[in-house]
Amino acid sequence: MAIVSCPSCNESISSKNKVCPHCDLQLGEVSEEQLARIAARKRVKKQQMFMNHSFLALILFLGGFLYLYSRQPTPDSIEMWLTRGAIAVGCLWYLINRIILVYLKKKK
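Residue numbering for the sequence shown follows full-length UniProt numbering, beginning at 1 and increasing consecutively.
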């Protein structure tokens, strides 16, 4: 008896289990086609998650610029530091997510 991961939910289960106790996948009846479909569904779900993160990062980045140019906070004030921080964090978060998305698309 070995500990393996479920092909659907990636939870640790016993190799003797016929059904995954976490997601109720019938392990004995899984074909190669079903495994490929499950893997494709996981990949699409992961890509969608990073795409959503990219949109949130872009909103943070653009919100920082909008606040900076509409409110024009005084230099060296808390508002200015927060605005610059939002712009920097949003920019870095967006770039990192886009790099991850390119990597996931090339991984196909």
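A virtual CB, placed ideally from N, CA and C, is assigned to each residue, including glycine.
For clarity, every value in this text was computed on a predicted model and none was experimentally measured.
Backbone secondary structure at residue i - three-state DSSP
| i | result |
| --- | --- |
| residue 134 | Outside the modelled stretch of the chain, which goes from 1 to 108, sits residue 134, for which no answer is possible. |
| Gln-26 | strand |
| Ser-15 | coil |
| Ser-31 | coil |
| Ser-54 | helix |
| Ser-8 | coil |
Member of the options whose CA lies at the smallest distance from the CA of residue i
| i | options | result |
| --- | --- | --- |
| Asn-97 | Gln-48, Arg-37, Asn-10 and Phe-65 | Gln-48 |
| Lys-107 | Val-19, Lys-46 and Ser-5 | Lys-46 |
| Tyr-94 | Cys-23, Trp-81, Lys-16 and Phe-50 | Phe-50 |
| Tyr-67 | Tyr-103, Glu-79 and Leu-58 | Glu-79 |
N- and C-terminal bounds of the beta strand (DSSP E) containing residue i
| i | result |
| --- | --- |
| Val-4 | 3-5 |
Continuous alpha helix (DSSP H) stretch holding residue i: start and end
| i | result |
| --- | --- |
| Thr-83 | 78-106 |
For the region 17-35 against the region 71-82, are there 3 or more C-beta pairs whose distance is under 8 Å? no
At least three beta-carbon pairs within less than 8 Å, the region 49-66 to the region 76-95: yes
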